[in-house]
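Written out below as structure tokens is the structure these notes cover.
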Amino acid sequence: MDASVFQFEGKSVFVAGGSSGINLGIADAFARHGANVAILSRSQDRIATALEQLRRHGGAAEGYSADVREAAAVADALKQAHARFGPIDVLVSGAAGNFLAPALGMSANGFKTVVDIDLLGSFNVLRAAHEFLRKPGASVISLSASQAFVPTPYQAHVCAAKAGVDMLTKVLAMEWGGDGIRVNSIVPGPIEGTEGIRRLAPDDETRERMTARVPLGRYGSVDDIAGMAMVLSSPLGAYITGVVLPVDGGISLSGPRDFGAAWAATRRES
Ligand code: HXC
Ligand code: NAP
Numbered sequence: 000m001d002a003s004v005f006q007f008e009g010k011s012v013f014v015a016g017g018s019s020g021i022n023l024g025i026a027d028a029f030a031r032h033g034a035n036v037a038i039l040s041r042s043q044d045r046i047a048t049a050l051e052q053l054r055r056h057g058g059a060a061e062g063y064s065a066d067v068r069e070a071a072a073v074a075d076a077l078k079q080a081h082a083r084f085g086p087i088d089v090l091v092s093g094a095a096g097n098f099l100a101p102a103l104g105m106s107a108n109g110f111k112t113v114v115d116i117d118l119l120g121s122f123n124v125l126r127a128a129h130e131f132l133r134k135p136g137a138s139v140i141s142l143s144a145s146q147a148f149v150p151t152p153y154q155a156h157v158c159a160a161k162a163g164v165d166m167l168t169k170v171l172a173m174e175w176g177g178d179g180i181r182v183n184s185i186v187p188g189p190i191e192g193t194e195g196i197r198r199l200a201p202d203d204e205t206r207e208r209m210t211a212r213v214p215l216g217r218y219g220s221v222d223d224i225a226g227m228a229m230v231l232s233s234p235l236g237a238y239i240t241g242v243v244l245p246v247d248g249g250i251s252l253s254g255p256r257d258f259g260a261a262w263a264a265t266r267r268e269s
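Structure follows, in structure tokens:
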């Protein structure tokens, strides 16, 4: 296999939640390799900053402000991106929300908020995108988390939501395989410098405990995840669909993590 497998010149990539963190890192990696990239998230300011970064690579980049909980707004953004860049070759669904709280410390609306962003939001993105995906050939990737299969105290909402995301991956891999669309989940480990890990390991002690649970002994980088998104979307991934793939230094092998101290330090009375 030659290096050209990682050439994405002229390909169309759409990243929901693409204005920061891991998702922006994925968008950036595809932009560096020649793709035209569209991102969707809520904050106009964050979108503008992300677009400056993405356009520095020379390709085209567009941003759409929408909430993934709003199916019509998501569909409209996908329609506009399709009109601008043509059939979508790579769709990434990574918008998510999180906070630490025991089940008894979150309201029904707190639980629903995370489920709506992570799970309903993923459904909205994938459901609306189908019409605009390249058939055959599109690669669809959802960002999951080890909470999907490691029961994790203080994370009932995320555990439930991400388990749903992974089941959606598997069902749509079956339903859309006939269209030549592949659907997979990537499960990042703790990723350096991201909002997700800032919320779960806000202090040095939690960070050290987290790192000690990683068999490879370090946090991951955004590029660790972006690289796997590219592999899955390249010819190397042509026969891979319906998988839930940890890219996590092995941390998901080490069982539930203890976020009690981190929650106590950041708790919000409800
Ligand atoms: C208890 C809380 C809470 C907390 C919010 N809520 N924070 N309950 N403890 N710390 C409750 C609120 O009281 C409210 O319920 C409900 O949640 C909705 O809150 P809003 O602020 O109105 O929601 P919204 O503006 O939609 O914001 C969603 C959010 C916010 C998730 C709360 O933090 C957000 O937008 N996050 C996006 C960025 C993010 O979280 N990135 C991390 C992704 S990483 P009531 O009953 O009062 O109305 C990730 C982790 C994976 O997903 C694993 C990493 C290792
Ligand atoms: P992040 O920087 O907070 O990124 C979340 C993105 O989603 C932002 O662009 C945010 O922008 C957008 N978003 C949030 N709510 C939205 C909504 N309702 N509608 C539209 N967009 C919304 O997060 P991250 O830490 O990089 O995590 C990225 C993904 O990886 C998530 O799916 C997360 O669950 C997963 N993950 C992360 C880690 C980690 O270590 N960070 C580990 C495991 C899994 P706006 O707020 O402007 O909308």
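Here the sequence shown is numbered in numbering that gives the first Met the number 0, starting from 0 and rising by one per residue. The beta-carbon is built from N, C-alpha and C at its ideal position, and this holds for glycine as well.
With DSSP as the reference, identify every bridge partner of Asn35, one or two as the case may be. Asn35 is bridged to Ser11.
Could you pull out every residue in the same chain whose Cβ sits closer than 6 Å to the Cβ of Arg31, ignoring the five residues on either side in sequence? Result list for Arg31: His56, in chain order.
Inside the region 137 to 207 only - beta strand (DSSP E) runs reaching at least 3 residues: For the region 137 to 207, whole beta strand (DSSP E) runs of length 3 or above, ordered along the chain, are 138 to 142 and 181 to 187.
Whether Ala155 touches Ala102 by CB criterion (7 Å): Yes, they are a contact pair.
According to DSSP, Ile87 sits in a beta bridge with which residue or residues? Among the bridge pairs identified by DSSP, Ile87 is matched with Leu132.
Please determine, among Pro255, Leu199 and Ala80, the residue with the shortest C-alpha to C-alpha distance to Ala264. Answer by Cα proximity: Leu199.
Please report the straight-line C-alpha distance between Val113 and Leu167, rounded to a whole angstrom. Taking the straight line joining both Cα atoms gives about 16 Å.
If Ala26 sits next to Leu53, beta carbons under 8 Å apart, how far is it from one beta carbon to the other, in whole angstroms? The Cβ separation is near 6 Å, so the contact holds.
Own chain partners of Leu90 with C-beta closer than 6 Å, once the 5 adjacent residues on each side are dropped: So the qualifying residues of the chain are Phe13, Ala128 and Val139.
Applying the 10 Å Cβ sphere with the 16-neighbour rule, what's the burial state of Gly219? Per the 10 Å Cβ criterion, buried.
In terms of alpha-carbon separation, which member of Ser121, Ala59, Ala94 and Gly62 lies closest to Gly195? It is Ala94 whose Cα lies nearest to the Cα of Gly195.
Can you look up Gly241 in the DSSP assignment and give me helix, strand or coil? Correct three-state label for Gly241: coil.
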